[in-house]
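As you go down the protein sequences, you meet chains A and B in turn.
With my numbering applied, the first sequence corresponds to residues 229 to 641, in that order.
With my numbering applied, the second sequence corresponds to residues 229 to 641, in that order.
Here a beta-carbon is modelled for each residue, glycine too, at the ideal position from N, C-alpha and C.
Number of protein chains: 2
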Amino acid sequence: MFYQNKKNMTTRYFLNNNLSSDNESRQIKQSAKIIRFLAKSDVPVSLPVIANHIKVSVPTITKLINDLMEQDMVVEDGKKETDNGRKPSVYSLTKSHFYTVGVEVLLRRIQVNITDLNLNSVFISKNTTFELENSEACREEVLAFIDHAISESDIAKKDIIGVGLGMTGRVNGVTGRSYNFFGFDDLPFADFLSKELDLPVFIENDTRVIGVAELVIGKVKNINNNIIVNISRGVGMTIIVNRKMVTGGNGFAGEFGHMQFVGNEGRLCICGKKGCLDTEVSGKALELLFNESIAAGEQSLMLPAGKENIRYDDIISAANDGDYLPMALLQQQGEKLGAALGNIINLLNPEMIVIAGKYSRAGSFFRDSIRSGLYKTGLKDPLANCQIISSELVQNTGAIGAAAIVLRKYDLI
Amino acid sequence: MFYQNKKNMTTRYFLNNNLSSDNESRQIKQSAKIIRFLAKSDVPVSLPVIANHIKVSVPTITKLINDLMEQDMVVEDGKKETDNGRKPSVYSLTKSHFYTVGVEVLLRRIQVNITDLNLNSVFISKNTTFELENSEACREEVLAFIDHAISESDIAKKDIIGVGLGMTGRVNGVTGRSYNFFGFDDLPFADFLSKELDLPVFIENDTRVIGVAELVIGKVKNINNNIIVNISRGVGMTIIVNRKMVTGGNGFAGEFGHMQFVGNEGRLCICGKKGCLDTEVSGKALELLFNESIAAGEQSLMLPAGKENIRYDDIISAANDGDYLPMALLQQQGEKLGAALGNIINLLNPEMIVIAGKYSRAGSFFRDSIRSGLYKTGLKDPLANCQIISSELVQNTGAIGAAAIVLRKYDLI
DNA sequence: AATAGTTAATAAAAATTTTTATTAAATAGT
DNA sequence: ACTATTTAATAAAAATTTTTATTAACTATT
Chain A
229 MFYQNKKNMT
239 TRYFLNNNLS
249 SDNESRQIKQ
259 SAKIIRFLAK
269 SDVPVSLPVI
279 ANHIKVSVPT
289 ITKLINDLME
299 QDMVVEDGKK
309 ETDNGRKPSV
319 YSLTKSHFYT
329 VGVEVLLRRI
339 QVNITDLNLN
349 SVFISKNTTF
359 ELENSEACRE
369 EVLAFIDHAI
379 SESDIAKKDI
389 IGVGLGMTGR
399 VNGVTGRSYN
409 FFGFDDLPFA
419 DFLSKELDLP
429 VFIENDTRVI
439 GVAELVIGKV
449 KNINNNIIVN
459 ISRGVGMTII
469 VNRKMVTGGN
479 GFAGEFGHMQ
489 FVGNEGRLCI
499 CGKKGCLDTE
509 VSGKALELLF
519 NESIAAGEQS
529 LMLPAGKENI
539 RYDDIISAAN
549 DGDYLPMALL
559 QQQGEKLGAA
569 LGNIINLLNP
579 EMIVIAGKYS
589 RAGSFFRDSI
599 RSGLYKTGLK
609 DPLANCQIIS
619 SELVQNTGAI
629 GAAAIVLRKY
639 DLI
Chain B
229 MFYQNKKNMT
239 TRYFLNNNLS
249 SDNESRQIKQ
259 SAKIIRFLAK
269 SDVPVSLPVI
279 ANHIKVSVPT
289 ITKLINDLME
299 QDMVVEDGKK
309 ETDNGRKPSV
319 YSLTKSHFYT
329 VGVEVLLRRI
339 QVNITDLNLN
349 SVFISKNTTF
359 ELENSEACRE
369 EVLAFIDHAI
379 SESDIAKKDI
389 IGVGLGMTGR
399 VNGVTGRSYN
409 FFGFDDLPFA
419 DFLSKELDLP
429 VFIENDTRVI
439 GVAELVIGKV
449 KNINNNIIVN
459 ISRGVGMTII
469 VNRKMVTGGN
479 GFAGEFGHMQ
489 FVGNEGRLCI
499 CGKKGCLDTE
509 VSGKALELLF
519 NESIAAGEQS
529 LMLPAGKENI
539 RYDDIISAAN
549 DGDYLPMALL
559 QQQGEKLGAA
569 LGNIINLLNP
579 EMIVIAGKYS
589 RAGSFFRDSI
599 RSGLYKTGLK
609 DPLANCQIIS
619 SELVQNTGAI
629 GAAAIVLRKY
639 DLI
């Protein structure tokens, strides 16, 4: 017996590796291995199967599992149907003790999803009137929102593995620092939240959080090397190499929007340079292009001249409905995007490229235009081995991806 | 006692993980951990230190080390000087039982270096009259050259951990296949060599092999995210993310030479596209540019008009000696290179970029011109966190890097 | 229905590993 | 020179884990 109140253990206790090497910690390490294995398995598993994976004998596993059951961490799930031989009892984690909090903080929106180990949301809270600004008051607002969501969900803190947070701007996931927000008193935002919430907190860039969502529940689930292009009003990129997110030395990686691809003849970008992709291929740019075309006398069926406040999502919808001008403009953007992606394919040889963000809603004509652009820059071999697809994830992607970051940190996914 | 002839064990025996889970393999796994730890430590270490790292008690480590000493794998290195307490005996690997073979196969050159665990060459063999071609005869020639080098070195095969080979062209390090050479009968070249030499063989692209050399013995030794640009007659790139080489899904990654950066107005490249970096920034391009300038009437101090067969290395030397035209041309190339690298810095946020290959010999004026080019495309933050340096590795880089690939595969470095 | 074949789970015995205690070897201070 | 202190190495005892043997549960076949 290695601790007193067996029914009061926190999930985190097992997953924390910084323990001394006495006997207690040995058993905890073995238990952690079992928990990780059970978490990754989508079906309940038998003692011999666990023993085989953990490389420990069946009697030992029996003892460990019994201990974990006493602690309410593991439950028996009855017998399993087999073709022959005695049917084994199978075991799985007690779902109600393994929750993760995923938070998405965007400029005008904050959302919390509390998810189980399979990333199903068991509680959702969002605020679409939120306004992000770099003030201590806003930092408190974010903290309060998360804290309130946790209380409202009625999930005990001891059953929460950790909090993942994806936010706008540049973020260094290793140091837990946001470069644009909430870095007061030189205290990393992740550390601030962790202290206040009394939970482990991991933060990441919003685009990378969406990339992780694609990696764990999206179409690139089993693909090791891929790229997720997040195009909505702006454009961002998550690079996945060997199933891991590329963050670079300081968390700045993926600044695809400022890739220069047309020489220096393009529009001036907010970054101060000319010819950035963001000025040509983005929702912002689409609105601009559309308005310019209309002003130049071109016609659009569904968005007649004179209509005010045309938003890029409307243009994409119109294109999907077959309206000529919006479709032509999107194809134009697709070709440019393709040419830029061709360079990246040559560099990184990804197996798949996912178009995520609002642009994922654009019809196949858009992907076709990207493909056509690829040939301008991409080499034959890497191109032949790379698929371009649109994301199918719709709702909650950011918050679920943020939760996934926690599960990945603890190697539970 | 877990095997008979203790003095006849091969080093490979320990490092191979595919063993059943009986007691013998348990001890071998523990021994492998000790070997890996000793290999990585550059000084002999004591029993308590090993015990602490391997997370096993001192008596157990004592037994394992004694067994390894009986097998001649480990030697005692006397007592260590300490400040207080009893002085411990310290242990290290028997150097003479841990060799690696590194092979570099280029178009007109083949070289074998046999190295110890510290990547010091103990035997070198090279052939500069070699001509690489995709024929079975040439494949046999490569095999014979390696085989002959091993025999000549008088190192027993059982003391060789494995063979690493870096070669020109596209290579998939995972499948062991070269796309350009020696893929006869659908047998991966690595498998062919492995079968014939009766040794584990790992192959890689020549540029990536140089990149690994930089990572293990070069200036980026302790840098996790970096880029090694290999510029000689052509231009290649090794991308290192989280201390690991990026190969992409099919080993095509790093095709930097065909990155398009000047729109489609450049020269026609051998890849069929226009505007590739290779047509502007490479030894080839430098020769072309120089000849064009001379033909257009420009003057060069050290390479007067009329001289035949001017090679790019000579132009670099002349530039280093202060000759104006060569220096101006190199600066022109550096600026373009910098602009291309700026995009990559935005994408990957490397901490360091190493200029390797023949161009690493170019003076600081060249690096300065690269830096000046960076500002055209690179964003402020990632740029501020990225250094540009020249490689200091000179000789044997390819073969040593190839040997390093083996050590990395076995986690000995 | 009995039996052979298969896999699971438990019990008992054997082996291994760790913990604790003891001895050894060294330094520094009185 | 002796003693206290520190770390290393070994020995003996205690705990843990694995191996082997046995029993249990189930299917398919004769």
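{"Check": "Whole-angstrom C-beta distance between A:A630 and A:E361, which should lie under 8 Å", "Outcome": "Not confirmed; about 20 Å, so no contact."}
{"Check": "For A:L514, the nearest candidate out of A:G462, A:G394, A:G479 (CA to CA)", "Outcome": "A:G462"}
{"Check": "A:G601, enclosing alpha helix (DSSP H) - first and last residue", "Outcome": "592-605"}
{"Check": "Interface partners of A:G446 on chain B, CB under 7 Å", "Outcome": "Here the premise fails: no neighbours, minimum Cβ distance about 17 Å."}
{"Check": "B:R636 versus B:T322 - alpha carbon distance", "Outcome": "19 Å"}
{"Check": "Within-8 Å CB hit, A:T605 to chain B", "Outcome": "yes"}
{"Check": "Reference A:D270, options A:P578, A:Y319, A:G570, A:A377, closest by Cα", "Outcome": "A:Y319"}
{"Check": "Sufficient close CB pairs (3 or more, under 8 Å) joining the segment 602-619 of chain A to the segment 422-434 of chain A", "Outcome": "no"}
{"Check": "Collapsed DSSP secondary structure at A:K354 in the structure displayed", "Outcome": "strand"}
{"Check": "Cross-strand partners of A:G330 (DSSP beta bridge)", "Outcome": "A:N341, A:G392"}
{"Check": "Status (buried if at least 16 other CB within 10 Å, exposed otherwise) for B:I498", "Outcome": "exposed"}
{"Check": "Buried versus exposed call for A:F594 [16 or more other C-beta atoms within 10 Å across all chains shown]", "Outcome": "buried"}
{"Check": "Alpha-carbon spacing of B:G397 relative to B:T466, whole angstroms", "Outcome": "14 Å"}
{"Check": "Proximity test, Cβ basis, 8 Å: A:C499 and chain B", "Outcome": "yes"}
{"Check": "Members of the segment 280-309 of chain A that neighbour chain B once the beta carbon cut-off is set at 7 Å", "Outcome": "K283"}
{"Check": "Rounded straight-line distance, which links the Cα of B:S285 to that of A:L247", "Outcome": "Low confidence applies here, because A:L247 scores a pLDDT of 46, under 50, leaving its location unreliable and the question unanswered by this model."}
{"Check": "Interface residues of the segment 460-471 of chain A facing chain B [CB-CB below 9 Å]", "Outcome": "M465, I467, V469, N470"}
{"Check": "Close Cβ partners of B:I598 (< 6 Å) along its chain, the five nearest in sequence each way excluded", "Outcome": "G562, L565, G566, I616"}
{"Check": "Residues that A:D609 contacts on chain B, provided the C-beta gap is smaller than 8 Å", "Outcome": "R398, Y407, N478, F480"}
{"Check": "Proximity test, Cβ basis, 8 Å: B:N452 and chain A", "Outcome": "yes"}
{"Check": "Of the residues A:L427, A:E442, A:N478, A:G392, the one placed nearest A:K385, counting alpha carbons only", "Outcome": "A:L427"}
{"Check": "First and last residue of the uninterrupted alpha helix (DSSP H) at B:Y540", "Outcome": "540-548"}
{"Check": "Per DSSP, cross-strand counterpart(s) of A:I383", "Outcome": "In the DSSP output, where bridge partners are listed per residue, A:I383 has none listed."}
{"Check": "Beta carbon proximity, B:F242 to chain A, threshold 8 Å", "Outcome": "no"}
{"Check": "Residues near B:S381 in its chain [Cβ-Cβ closer than 6 Å; skip 5 each side]", "Outcome": "I342, F351"}
{"Check": "Boundaries of the beta strand (DSSP E) in which B:V271 is found, first to last residue", "Outcome": "Careful: B:V271 lies outside any beta strand (DSSP E) and carries neither H nor E."}
{"Check": "For B:L516, the three-state DSSP class (helix, strand or coil)", "Outcome": "helix"}
{"Check": "Interface residues of chain A facing B:L576 [CB-CB closer than 8 Å]", "Outcome": "I467, V474, G476, A481"}
{"Check": "Proximal chain B residues relative to A:F373, where beta-carbon distance stays under 7 Å", "Outcome": "Within 7 Å Cβ-Cβ: nothing; A:F373 doesn't reach chain B, min ~29 Å."}
{"Check": "Rounded separation between A:T625 and A:G503 - CA only", "Outcome": "30 Å"}
{"Check": "Short Cβ contact (8 Å threshold) for A:Y603 with A:S460", "Outcome": "no"}
{"Check": "Per-residue contacts from A:N613 into chain B (C-beta, under 8 Å)", "Outcome": "G477, N478, F480"}
{"Check": "Inter-residue spacing [alpha-carbon to alpha-carbon] between B:D609 and B:I378", "Outcome": "50 Å"}
{"Check": "Local Cβ density within 10 Å of B:P578, reported as buried at 16 or more and exposed below that", "Outcome": "buried"}
{"Check": "Local conformation of A:L347 per DSSP, three classes", "Outcome": "coil"}
{"Check": "Three-state secondary structure (DSSP) of A:E309", "Outcome": "coil"}
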